[in-house]
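Please read the structure below before turning to the comments.
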């Protein structure tokens with residue numbers, strides 16, 4: 005047994021031993037500061053997960069591994085400060101093997117999220133947020149952390165790598181079309197949305213009875229990679245990316261939403277490779293989405309349909325549609341099962357009778373076990389297929405243990 | 016014959032009252048611990064304001080060494096409401112075998128669940144005034160109950176084999192009457208989850224007064 009597999013077994017047996025105790029409650033108490041007199045509440049909290057991926061190579065999605073087994077431990081540290089009843093500070097620091105599993109094999113520590121949020125009116129939910137935080141687009145970002153995600157991986161729309169790049173400009177249409185016949189270059193190419201997209205910016209959100217909305221301006225497109233999310237490192241563009249979502253809750257069972265995002269997606273380093281008299285601001289990603297959720301009793305169902313259009317230099321406008329429907333069913337008090345169907349389809353390259361990327365589908369099935377209010381484990385199997393040459397691996401197995409405290 | 020039976024019953028009842036003792040006292044009731052943290056997420060906006068949790072009483076109970084107890088109530092069903100995004104009451108004591116009902120009085124979903132050793136259950140998402148299943152508590156122990164959607168919400172169900180238990184009043188006073196004479200452990204479960212115990216001997220017709228200060 006490899007050391008990584010041994011560590012996972014140790015973690016599994018350790019978490020089983022901890023499930024009944026008040027260990028996490030005690031730890032939670034010790035990492036909190038409350039002062040009603042000062043109106044200050046500070047809380048240091050943690051979530052840790054350990055995941056064993058067993059992909060067929062080349063691995064699906066944003067899993068970056070040349071090995072048939074990849075072990076990814078992750079520690080997320082959250083620091084929340086509530087100042088009075090209107091001001092909140094939130095930070096999330098992660099230590100892991102990369103934002104996407106395997107992206108930093110030797111490990112790294114990142115400040116993934118930080119923001120200050122102010123509630124403008126005392127009796128209203130109108131909030132203004134400034135900092136680096138998850139996108140308002142769609143409904144998946146809100147449940148993307150491993151404790152809330154019934155699966156180990158993200159839906160295909162949030163992690164399936166397209167042949168679009170924000171760093172490499174195609175020199176010709178033929179060169180671009182060739183990309184669909186080679187394996188995904190995960191360090192250069194983009195998905196429609198990159199995970200929860202923790203880009204930097206400002207947002208306004210509110211909830212009025214059964215309607216909610218959020219509008220944000222950020223430094224990076226929703227498809228952009230984690231390397232360009234932090235404006236403190238890469239700066240803020242003159243033409244920020246605008247994203248918004250309007251959500252409806254007509255009944256407790258239902259949540260419906262529609263989202264739009266528009267803005268330039270190319271990195272500034274590509275400026276010298278662009279056609280003469282064009283700039284990075286001329287090449288945009290426009291994305292729209294609808295999402296619907298239903299929950300009642302033991303069922304939770306989510307679905308999203310996302311359409312996107314990339315303006316690609318020397319190629320033209322490229323369109324794609326990706327969607328998923330996901331259902332979670334609680335079998336017992338402790339066990340749940342989940343199923344997700346993902347599908348993606350691509351339009352033709354302008355002037356050619358060929359789709360610009362490979363159409364594909366993926367089905368994910370998961371079994372989860374909540375050992376306590378602090379510990380859960382998940383087992384996932386994914387089967388997918390794409391048309392065309394050099395398809396990625398069809399199979400993926402994953403086992404994950406998540407602890408929060 | 017009927018008159019004789021009635022007189023016999025009255026005699027037994029009067030004898031029982033005289034033979035039984037009373038245990039009463041006062042204690043300093045601890046506060047509940049702050050809500051467990053919710054890593055990574057701030058509370059999601061709710062349709063109505065979240066009320067402050069009510070102060071929970073302590074549970075005082077008497078246990079025998081032999082663990083043999085009479086069942087004084089049958090088909091007992093307690094109720095814990097969810098309203099203002101809090102559980103009311105936040106502390107309930109029941110005898111083993113009793114049920115608890117969890118009506119939702121809020122306009123939004125709640126999802127009541129517990130992973131405690133004494134009881135695992137998950138009622139799923141249910142809406143206002145929707146009838147949810149009664150939960151049977153058939154093992155003694157402390158059951159911590161949460162809402163999966165609103166993580167600040169929690170309450171306790173203290174499941175006891177003994178039928179001799181009371182909640183303290185807001186001043187921390189308690190009184191248990193009609194306790195059969197004998198030796199007991201008087202045990203206290205505080206909202207802070209701290210436990211206190213003391214040996215007590217109940218004498219016929221007498222009152223034991225115990226005070227617990229910090």
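Protein chains in written order, with our numbering: chain A, 5 to 409; chain B, 16 to 229. Where is the CB? At the ideal position from N, CA and C, for every residue including glycine.
- Of all residues in the region 312–340 of chain A, those with a C-beta nearer than 8 Å to a C-beta of chain B are 334, 336, 337 and 338, reading in chain order.
- Residue-level contact check: residue 135 of chain B touches chain A, since one or more beta carbons of chain A fall below 8 Å from its beta carbon.
- Beyond the five residues adjoining it in sequence on each side, residue 123 of chain B comes within less than 6 Å, by CB distance, of 62 in the same chain, given in chain order.
- Just so you know, the alpha carbons of residue 35 of chain A and residue 48 of chain A end up roughly 5 Å apart.
- Chain order gives no chain A residues near residue 79 of chain B, where near means a beta carbon separation below 8 Å; the closest approach is about 26 Å.
- Residue 244 of chain A is classed as buried because its beta carbon has at least 16 other beta carbons within 10 Å across all chains shown.
- Every beta strand (DSSP E) stretch that sits fully inside the region 59–144 of chain B and reaches 3 residues is listed by chain position as 74–78, 92–94, 96–98, 101–103, 106–110, 114–116, 127–131 and 134–137.
- Pairwise C-beta distances place the region 166–186 of chain A out of contact with the region 102–115 of chain A, as fewer than three of them are shorter than 8 Å.
- In the DSSP annotation of this structure, the continuous segment of the beta strand (DSSP E) that includes residue 198 of chain B starts and ends at 197–204.
- Take residue 365 of chain A, set aside five residues on each side of it, and the residues of its chain with a beta-carbon closer than 7 Å to its own are 346, 347, 388 and 389, in chain order.
- Within chain A, the C-beta atoms nearer than 7 Å to that of residue 161 of chain B come from 377, in chain order.
- For residue 73 of chain A, the closest of A:65, A:61 and A:119 by C-alpha to C-alpha distance is A:61.
- For residue 389 of chain A, the enclosing beta strand (DSSP E) stretches over residues 379–390.
- Taking 9 Å as the Cβ-Cβ cut-off, the region 284–306 of chain A approaches chain B at 299, 300, 301, 302, 303 and 304, given in chain order.
- Chain-order list of chain B residues neighbouring residue 366 of chain A: empty, with the shortest C-beta distance near 26 Å, by a criterion of under 8 Å.
- Contact residues of the region 132–160 of chain A toward chain B are 149 (C-beta to C-beta distance below 7 Å).
- In the same chain as residue 75 of chain B, and ignoring 5 residues on each side of it, the C-beta atoms closer than 6 Å to its own belong to 181, 189 and 203, in chain order.
- When DSSP assignments are scanned along the region 69–98 of chain A, the uninterrupted stretches of beta strand (DSSP E) that are 3 or more residues long and fall wholly within it turn out to be 74–87.
- In the three-state reduction of the DSSP assignment, residue 398 of chain A falls in the coil class.
- At a cut-off of 8 Å, the C-beta of residue 170 of chain B has no neighbouring C-beta in chain A.
- Secondary structure at residue 341 of chain A: strand, using DSSP grouped into helix, strand and coil.
- Interface flag for residue 256 of chain A against chain B is set, since a Cβ pair is found closer than 8 Å.
- In terms of Cα proximity to residue 198 of chain B, the closest of B:138, B:217, B:207 and B:88 is B:217.
- With a contact defined as Cβ atoms closer than 8 Å, residue 265 of chain A and residue 291 of chain A qualify at about 5 Å.
- Secondary structure within the region 170–244 of chain A: the beta strand (DSSP E) runs of 3 or more consecutive residues, fully enclosed, are 204–212 and 215–222 (chain order).
- A distance of 8 Å or more separates the beta carbons of residue 135 of chain B and residue 97 of chain B.
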